[in-house]
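Visitor: First the structure, which I've put down as structure tokens, then a few questions once you've had a look.
There are 2 protein chains.
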Amino acid sequence: MGKTASQMTKRMMQASSIKEVAALAGVSIATVSRVVNGVANKASDETVERVRKAIATLDYRPTSAGRDLRRRTSRLVAVLAANLANPAMTAIAASAEAALRENGLVMVLCDTHDQPELQDEYIREMLAQQARAIVLLGAVDSFMLRRAQESSIPLVFVNRRAPDGPMRGFIGIDNQRAGEDVARWALARGLQNAVLIHAPTASSATRERVQGILAGFAAAGTPLGTSRVLAPQAPDHLRIGRDAALDLIRGCDRPDLVICTSDLIAFGVARAWREALPGQQAPRLIGFDDSPMNEWLAPNLNSVRIPYEAYGRAIVEALLGGDRCATIVLAHQIIERQT
Amino acid sequence: MGKTASQMTKRMMQASSIKEVAALAGVSIATVSRVVNGVANKASDETVERVRKAIATLDYRPTSAGRDLRRRTSRLVAVLAANLANPAMTAIAASAEAALRENGLVMVLCDTHDQPELQDEYIREMLAQQARAIVLLGAVDSFMLRRAQESSIPLVFVNRRAPDGPMRGFIGIDNQRAGEDVARWALARGLQNAVLIHAPTASSATRERVQGILAGFAAAGTPLGTSRVLAPQAPDHLRIGRDAALDLIRGCDRPDLVICTSDLIAFGVARAWREALPGQQAPRLIGFDDSPMNEWLAPNLNSVRIPYEAYGRAIVEALLGGDRCATIVLAHQIIERQT
DNA sequence: AAAACGAAGGAAAACGTTTTCCCTGTTGTG
DNA sequence: CACAACAGGGAAAACGTTTTCCTTCGTTTT
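Protein chains in written order, with the numbering used here: chain H, 1209 to 1547; chain P, 1209 to 1547.
Printed below as a string of structure tokens:
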């Protein structure tokens, strides 16, 4: 009663543990483990060869549960993103995923929706999973985050700094400088009548961008009055932009440039203009982040590009570097699509 | 020499295993485990209460490695997406993430870039991680995929069907019908001179959409001749759209409608038109997928909307339903932005 | 020639759970 | 009263690794 090959496969798919490899190679499981982990000086070349062959035959891979249990750590790296609806964040996440997997790590992606409770829930879960590290892609202040900061798990803050202030495992562009650059860019083009729309300043990224922009205009002797700075309350950036734009449209003094602290805000502005004043061109716009799709979709949007592709490598570097306070500043660049 | 509270916290952050809980509650670890897992009839109410309190005090969570090892399964669900640069995919992934976590599962997100080798690598890794299930968000045919299909791990195919044909754990819209609907929509608006641009038909979704569209036009007695169907080779959908549009622009017979099997293709068409013929309006466009951002960014793009928010629930349902061949058809809807 | 050392590899402990037995009352049931 | 049934709970095995000790050789150093 021989089984067919496919039936055998079905039966065999399940496991193939280290024991079977050891049996097949005629060695102890300790030796197999050592070969798998490349421990030197513990196996002769021919033994290594035999084990390798057995591993290949059985298509063996160490079960992570066993390894994690013993090593008290796992290959999981949690990426807690503030908002996956933002193309800029998903672009960074994609970059992180590629870089992590190149280093044998696995990305777990979560969306905290910028809510402390959800972020805490995820941090708890990831600690239970013995995650190797936690990457906060737009952190919000929360209880477990502060606890995690005191523990030994590596934390990397991307784009937004750690809640309690000082540089600490931070990766991102120099937002203040980027803000200043935007101001300079505007002034160099003779745009005198700018308006700034920004998101809530709970985010350090937004805060620093705003500071930079204001500082830039002030330094040129043409400070932005408070009447030219808008920050409406709204559930998301798109709506912040729309609401602010509707305000502008109602007013009489039309700006010649609208500066937004994120591209999403700019999208909202553009849409409001389009719908409220059909046929009439929206004012010149500049935003931040410049997601990869902008090139195709938003031909009129100027933006400060952050180097997505670079984030993944930077994150891995910060993680494996061991330095818990490494700060990696990435280069930004103004993309001009409509002068 | 008493330690400060913060020092204590630091020391304590590490573990808090089931043993400590048991000790604190004055019971055996077996009892703690039973309380955690809600096993009935194995502990008196007061014991349960004591254990609960101990768990709360120590902020205990079962370490997944231990649990996974014993149970030979984990809470990880792998989502293998074909292309994270596509906003439609990330929207579905976000929906999946939320639904999974509501059911105590954790999403691992990977980008296969539509490459069989990479998909295989991920499948291997996820099998080693003892993933609870694998969700293929745009599967490509590959060796390990076929092997996985023969094994016992739950597989869910989203948008694209399993490579070897028959309905099998499939979730998505009825692409053929959607295609027919698009044809009807076009004809009802008197658009006689349509052109179809489509991606490679290795994807069942694309194939079925194309079939539906062609069938729809044919049924009305106005079949789309082969000269009106374009499918250029290009590394991604955006470029497929651009290349096809450049072809159209070179030709003399301008279409009154361009049908694209994905919105990304449509974005490419729009861009090509914009750049090749500045100031001149692109032809009427209709695409598929209608990512959430379209509403803000692509005011002129008609599209067949797939119900993102519904995917997460459907995926979980297919996973937990136990039926390995469940097919969940979601409802599509034509979004008309420019008539 | 004795001592020391290094290479090769095995046995077994440990990691933190879950779960299967088992044991001890207590409570019906005949 | 005998006996079953059951509630409550503990001891210990098992899951698949990694790693710490050992042991056994063969080689080099004194």
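We put the CB at the ideal spot given by N, CA and C, even for glycine.
Counting pairs of beta carbons, one from the stretch 1400 to 1420 of chain H and one from the stretch 1438 to 1457 of chain H, are three or more of them closer than 8 Å?
Guide: yes
Visitor: Return the chain-ordered list of same chain residues with a C-beta closer than 6 Å to the C-beta of residue 1211/P, the five sequence neighbours on each side being excluded.
Guide: Its pLDDT being 38, under 50, residue 1211/P is placed unreliably by the model, and nothing is read from it.
Visitor: Go through the stretch 1381 to 1462 of chain H residue by residue and report every complete run of the alpha helix (DSSP H) that reaches 4 residues or more, in order.
Guide: 1383 to 1396, 1412 to 1427, 1445 to 1458
Visitor: Under 8 Å between C-beta atoms, does residue 1487/H make it to chain P?
Guide: no
Visitor: Let me know the secondary structure DSSP gives residue 1541/H once reduced to three states.
Guide: strand
Visitor: Taking the alpha helix (DSSP H) that residue 1502/H falls in, what are its first and last residues?
Guide: 1502 to 1505
Visitor: Might you give, ordered along the chain, the residues of its own chain that have their beta carbon closer than 6 Å to the beta carbon of residue 1314/H, omitting 5 neighbours on each side?
Guide: 1283, 1284
Visitor: In the DSSP assignment, find the beta strand (DSSP E) that holds residue 1527/P and state where it starts and stops.
Guide: No beta strand (DSSP E) holds residue 1527/P; the alpha helix (DSSP H) holding it covers 1516 to 1528.
Visitor: For residue 1338/H, return the contacting residues in chain P, with the cut-off set at a CB-CB distance below 9 Å.
Guide: 1271, 1272, 1273
Visitor: Measure how close the beta-carbons of residue 1543/H and residue 1510/H come, nearest whole angstrom, since I'm counting them as under 8 Å.
Guide: 6 Å
Visitor: Note down, in chain order, every chain H residue with its Cβ under 7 Å from the Cβ of residue 1537/P.
Guide: In chain order: nothing, as chain H lies at least about 25 Å away.
Visitor: Can you say whether residue 1298/H is buried or exposed, counting buried as having 16 or more other CB atoms within 10 angstroms of its CB?
Guide: buried
Visitor: By how many angstroms is the C-alpha of residue 1474/H removed from the C-alpha of residue 1434/P?
Guide: For residue 1434/P and residue 1474/H, the distance between alpha carbons rounds to 41 Å.
Visitor: Can you give the Cα-Cα distance for residue 1333/P and residue 1267/H, rounded to whole angstroms?
Guide: 12 Å
Visitor: Does the distance from the CB of residue 1480/H to the CB of residue 1518/H come in under 8 Å?
Guide: no
Visitor: Looking at the strands, I want to know which residues DSSP matches up with residue 1363/H.
Guide: DSSP, once it has assigned bridges, lists 1342/H as partnering residue 1363/H.
Visitor: Is it buried or exposed, residue 1477/P, if we count other Cβ atoms within 10 angstroms and call 16 or more buried?
Guide: buried
Visitor: Does DSSP classify residue 1511/H as helix, strand or coil?
Guide: strand
Visitor: Within the same chain, show all residues whose beta-carbon is closer than 7 Å to that of residue 1262/H, passing over the 5 residues directly before and after it, in chain order.
Guide: 1229, 1232, 1233
Visitor: Identify the contact partners of residue 1276/P in chain H, using a Cβ-Cβ distance below 7 Å as the criterion.
Guide: 1273
Visitor: Measuring CB to CB, does residue 1514/H end up less than 8 Å from residue 1390/H?
Guide: No, they are not a contact pair.
Visitor: Does residue 1298/P come within less than 8 Å of chain H when only Cβ atoms are used?
Guide: yes
Visitor: Of all Cβ atoms in chain H, is any one closer than 8 Å to the Cβ of residue 1351/P?
Guide: no
Visitor: Are the CB atoms of residue 1271/H and residue 1338/P within a distance shorter than 8 Å?
Guide: yes
Visitor: Consider the Cβ of residue 1316/H: report whether some Cβ of chain P lies at a distance smaller than 8 Å.
Guide: yes
Visitor: Could you give the distance in angstroms between the alpha-carbon of residue 1348/H and the alpha-carbon of residue 1472/H?
Guide: 19 Å
Visitor: What's the C-alpha gap between residue 1506/H and residue 1505/P?
Guide: 7 Å
Visitor: Can you name the residues of chain H whose CB is closer than 8 Å to the CB of residue 1584/P?
Guide: Nothing in the structure corresponds to residue 1584/P, since chain P is present only between 1209 and 1547.
Visitor: Tell me the residue span of the alpha helix (DSSP H) that contains residue 1276/H.
Guide: 1272 to 1279
Visitor: Note down, in chain order, every chain P residue with its Cβ under 8 Å from the Cβ of residue 1306/H.
Guide: 1319
Visitor: Report buried or exposed for residue 1301/H, applying the criterion of at least 16 other Cβ atoms within 10 angstroms of its Cβ.
Guide: buried
Visitor: Just to confirm my understanding: we take residue 1310/P, look at its own chain, exclude 5 residues before and 5 after, and list those with CB closer than 8 Å. What are they?
Guide: 1524
Visitor: Determine whether the Cβ of residue 1475/P lies closer than 8 Å to any Cβ atom of chain H.
Guide: yes
Visitor: Considering only their Cβ atoms, is the gap separating residue 1457/H from residue 1484/H smaller than 8 Å?
Guide: yes
Visitor: May I ask you to report which of helix, strand or coil DSSP gives residue 1253/P?
Guide: Here DSSP, grouped into helix, strand and coil, assigns residue 1253/P to helix.
Visitor: Verify the CB distance criterion: does residue 1332/H have a CB-CB separation below 8 Å to chain P?
Guide: Residue 1332/H counts as touching chain P.
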